[in-house]
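Here this note's numbering is used: the first residue of the sequence shown is 290, the next is one more, and so on.
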Amino acid sequence: MKNSLILYSGGMDSTVLLYHKREEIALAVSFNYGSKHNDREFYYAALNTKKLGIEHVKLDLSDIIGKHFSSHLLKTGSEIPDGHYQEPIMKQTVVPFRNGIMLSIAVGLAESKGLKQIYLANHFGDHAIYPDCTSAFIEPFKEAAKAGTYEKIEIVSPYVSITKRDIALIGKDLDVPFKYTWSCYKGKEHHCGKCGTCVERKEALEGFDETVYT
């Protein structure tokens with residue numbers, strides 16, 4: 290029975306989760322929050338959900354986050370830094386409380402649609418950089434979602450204790466089309482190959498990477 294919603298960006302992690310739990314997912318939700326790479330993500334999110342026959346909705350937060358929040362990741366921010374996915378560099382790309390905001394909306398949407406759970410593809414490698422990807426954040430948020438809904442909405446983050454490489458290997462086994470996913474924060478025609486997310490993508494997909502890098 291399809292009783293789940295997924296927060297779906299079109300990136301490689303959430304695409305693996307989309308394919309992994311496709312028999313359970315009734316609705317995929319993408320957010321436009323004014324990032325430099327939103328348009329590229331949306332293209333692949335629409336492509337994969339259509340292929341799997343999963344309803345896909347896009348919600349716009351660009352007037353709030355895109356205009357009023359501070360982050361290099363946003364169109365209003367400075368240039369995306371190059372270099373490995375490490376705190377001094379990638380901390381500049383943090384969008385404050387992004388997961389908290391999106392999860393809050395997703396919880397209300399799930400209850401409105403009669404869905405019982407929400408899938409989130411945060412993983413262990415995010416923890417050092419993004420505080421709202423950590424177990425310390427996710428676990429109490431799960432309790433808040435249950436306490437704050439009649440249907441006791443459940444938030445499920447199955448990859449929270451594994452690495453991006455582990456996720457890539459799960460995707461490989463599921464025949465996930467990684468070439469139809471997007472990671473690069475710069476949002477140009479092709480992956481830049483130099484920013485932190487591109488470097489991390491290369492490491493995760495080593496041995497079966499079909500990505501075109503500039």
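Built from N, CA and C at the ideal position, the CB exists for glycine as well.
If you ignore the 5 residues before and after lysine 475, its C-beta comes within less than 8 Å of the C-beta of Lys325, His326, Ile369, Cys481 and Cys484, all in its own chain and listed in chain order.
Annotated as proximal: glutamate 443 and lysine 405, with beta-carbon spacing under 8 Å. Within the region 432-490, the beta strand (DSSP E) runs of at least 3 residues that lie entirely inside it are, in chain order, 443-445. Judged by DSSP in its simplified three-state form, aspartate 349 adopts strand.
The beta carbons of tyrosine 308 and alanine 334 sit no closer together than 8 Å. Taking a cut-off of 8 Å on C-beta distances, the region 376-390 touches the region 351-366, as three or more cross pairs fall below it. In terms of Cα proximity to isoleucine 390, the closest of Asp371, Ile459 and Cys422 is Cys422. According to the DSSP secondary-structure assignment, asparagine 321 is paired through a beta bridge with Asp349. Per DSSP, the beta bridge partners of leucine 294 are Leu316 and Ile407.
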